[in-house]
Amino acid sequence: MRHDKAVSYAGINLNVIQNNVVKTMVETVSAAYPKKIVINKKWCKGCGICAGLCPKVLAMSNGGKAIVVNQPLCTGCRRCESHCPDFAISLKVETDE
């Protein structure tokens, strides 16, 4: 459900606070646990949903498959992974091991 009205309390826009808190949490977790996007080329059907959701990180190759174009910009939100109808995308936590 989408709310177009700002929720406020004592003159403070609570939507702005909530959005900033969520953004800060995502950035903190992403920095602590860097993710690597892994695309299974055999499973990818080239629908482009992932690239549409995250055009700064993912794109479609000339061969019609999803590719990672800018891994460092990945926040680890997992939207590409959860929306892939072919289960071709996964995020792996990068470790020093």
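Taking the numbering used here, the leading residue of the sequence shown gets 31, the next gets one more, and so forth. Glycine is no exception: its CB is placed at the ideal position from the N, C-alpha and C atoms.
Original post:
Grouping DSSP H, G and I as helix and E and B as strand, with all else coil, what is A118?
Top reply: DSSP places A118 in coil when its eight states are reduced to three.
Subject >> Sequence-distant residues of its chain with Cβ nearer than 7 Å to K71 (five each side left out) >> reply: If we look at K71 and ignore the five residues flanking it on each side, its Cβ neighbours are K95.
Subject >> Length of the line joining the Cα atoms of P102 and K122 >> reply: Rounded to whole angstroms, P102 and K122 show a C-alpha spacing of 14 Å.
Original post:
What are the uninterrupted segments assigned as alpha helix (DSSP H) that are 4 or more residues long and contained completely in the segment 82 to 115, given in chain order?
Top reply: As far as the segment 82 to 115 is concerned, its whole alpha helix (DSSP H) runs of at least 4 residues are 109 to 113.
Original post:
What separation, rounded to the nearest whole angstrom, lies between the Cα atoms of P115 and A81?
Top reply: Straight through space, the alpha carbons of A81 and P115 are spaced by roughly 13 Å.
Original post:
Exposed or buried, G106, counting other C-beta atoms within 10 Å across all chains shown (16 or more means buried)?
Top reply: Buried: at least 16 other Cβ atoms inside 10 Å.
Original post:
Are the Cβ atoms of I97 and I69 separated by less than 8 Å?
Top reply: For I97 and I69, yes; Cβs fall inside 8 Å.
Original post:
When burial is assigned at 16 or more other CB atoms within 10 Å of the CB, is K65 buried or exposed?
Top reply: Looking at its Cβ environment, which holds 16 or more other Cβ atoms inside 10 Å, K65 is buried.
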